[in-house]
Amino acid sequence: MNLPNKLTIFRITLVPLILLVWLFPYNQFGIHFISFTIGPTSISLLNVIVLGLFIIASVTDALDGNIARKRNLITTFGKFADPIADKLLVNTMLIVMAYKHMIPVVPVVIMIGRDIIVDGCRMIASSNGVVVAAGILGKLKTVLQIVTIGFVLVNNIPFELFSLPVTSVLAWFTAFVSGASGYSYFSQLKDYIFESV
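Numbering of the sequence shown is given in this note's numbering, commencing with residue 141 and proceeding in unit increments.
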């Protein structure tokens with residue numbers, strides 16, 4: 141197995157680790173995390189740890205693709221596993237944040253619904269021998285999701301110091317870009333989708 145694929149597998153293994161660290165019932169075992177107070181808000185050490193793990197996973201996302209392209213190590217397994225790893229990571233983070241009431245549920249539903257629709261479109265395209273490259277909106281969506289997750293984990297710092305709801309705005313804007321990206325994929329492939337209707 142080459143290095144890019146190892147990084148992809150590593151990213152996938154980080155997802156259950158993040159879940160374990162984030163959702164472990166620490167209180168039942170008498171474990172309490174300190175919090176850092178910054179102005180009107182505070183950040184739990186647990187959130188900082190989760191953020192660290194998420195950053196490591198996100199860095200491997202950038203690394204595996206760059207290494208694969210530069211060293212000509214692109215494989216069928218990589219094409220299959222890399223997008224799965226990305227969606228597992230980001231969607232898991234979003235679902236847990238919605239579960240913990242850290243982010244509104246509706247933007248999360250829009251983003252995950254978009255991924256399901258795009259995957260279906262790509263599957264139909266693939267069955268017709270058509271390869272759909274990631275568009276600029278899709279790439280922007282991914283960057284916005286990562287940035288949004290980071291700001292949610294640090295409780296909107298530093299913007300919270302100025303009472304600016306940047307995290308909420310980012311969540312809704314990311315959902316909008318995600319929906320626009322999904323529509324772009326759908327419009328490109330609608331002829332294949334409805335060819336036998």
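Heads up, the beta-carbon is just placed ideally off N, CA and C, and yes, glycines get one too.
Legend entry - Cβ contact check for the region 295-307 and the region 247-266: 3 or more pairs under 8 angstroms: no
Legend entry - First through last residue of the beta strand (DSSP E) which encompasses I178: Position 38 of the sequence shown, counted from the start, is the residue given in the question as residue 178. That run of the beta strand (DSSP E) goes 175-178.
Inset, instruction - Please determine if the region 181-195 and the region 203-221 are in contact, where contact requires at least 3 C-beta pairs separated by less than 8 angstroms. - result: no
Inset, instruction - Decide if M237 is buried, meaning its Cβ has at least 16 other Cβ atoms within 10 Å, or exposed. - result: Taking the first residue of the sequence shown as position 1, residue 237 is located at position 97. Result: buried.
Inset, instruction - Look up S182 in the DSSP assignment and say whether it is helix, strand or coil. - result: Your numbering for residue 182 matches position 42 in the sequence shown. Looking at S182 - three-state DSSP - the assignment turns out to be strand.
Legend entry - Unbroken stretches of the alpha helix (DSSP H), 4 residues or longer, contained in the region 236-286: 245-267
Inset, instruction - Could you give the DSSP three-state label for V294: helix, strand or coil? - result: In the sequence shown, counting from the first residue as 1, residue 294 sits at position 154. Three-state DSSP puts V294 in coil, outside helix and strand.
Legend entry - Per-residue burial, P298 [other beta carbons within 10 Å of its own, 16 or more giving buried]: Working through the sequence shown from its first residue, we reach residue 298 at position 158. Exposed, because fewer than 16 other Cβ atoms sit within 10 Å of the Cβ of P298.
Legend entry - Straight-line Cα distance separating N206 from Q285: The sequence position of residue 285 within the sequence shown is 145, counting from 1. The sequence position of residue 206 within the sequence shown is 66, counting from 1. Straight-line Cα distance between these residues: approximately 20 angstroms.
Inset, instruction - Inspect the CB distances between the region 307-321 and the region 259-270 and report whether three or more fall short of 8 angstroms. - result: no
Inset, instruction - Consult DSSP for S324 and reduce its assignment to one of helix, strand or coil. - result: One-based indexing of the sequence shown puts residue 324 at position 184. Note: S324 maps to helix in three-state DSSP.
Legend entry - DSSP-derived helix/strand/coil call for F217: As a working mapping, residue 217 is identified with position 77 in the sequence shown. The answer is helix: DSSP assigns F217 an H, G or I state.
Inset, instruction - Could you check if M141 is buried or exposed, using at least 16 other CB atoms within 10 Å of its CB as the buried criterion? - result: Numbered from 1 along the sequence shown, position 1 holds the residue referred to as residue 141. M141 should be labelled exposed.
Inset, instruction - With a cut-off of 8 angstroms on the beta carbons, I'd call V155 and L228 a contact; round off their distance for me. - result: Stepping through the sequence shown from its first residue, residue 155 is reached at position 15. Stepping through the sequence shown from its first residue, residue 228 is reached at position 88. Going by Cβ atoms, the distance from V155 to L228 rounds to 5 angstroms, so yes, they are a contact pair.
Inset, instruction - Please report the residue range of the alpha helix (DSSP H) in which F150 lies. - result: Counting from 1 along the sequence shown, the entry for residue 150 is found at position 10. From DSSP, the alpha helix (DSSP H) with F150 extends over 143-163.
Legend entry - Inter-residue Cα distance where the pair is E300 and T181: The sequence position of residue 300 within the sequence shown is 160, counting from 1. The sequence position of residue 181 within the sequence shown is 41, counting from 1. Cα to Cα, the separation comes out at about 7 angstroms.
Legend entry - C-beta atoms of I174 and L185 nearer than 8 angstroms: Here the question's residue 174 lines up with position 34 in the sequence shown. Here the question's residue 185 lines up with position 45 in the sequence shown. Closer than 8 angstroms, so yes.
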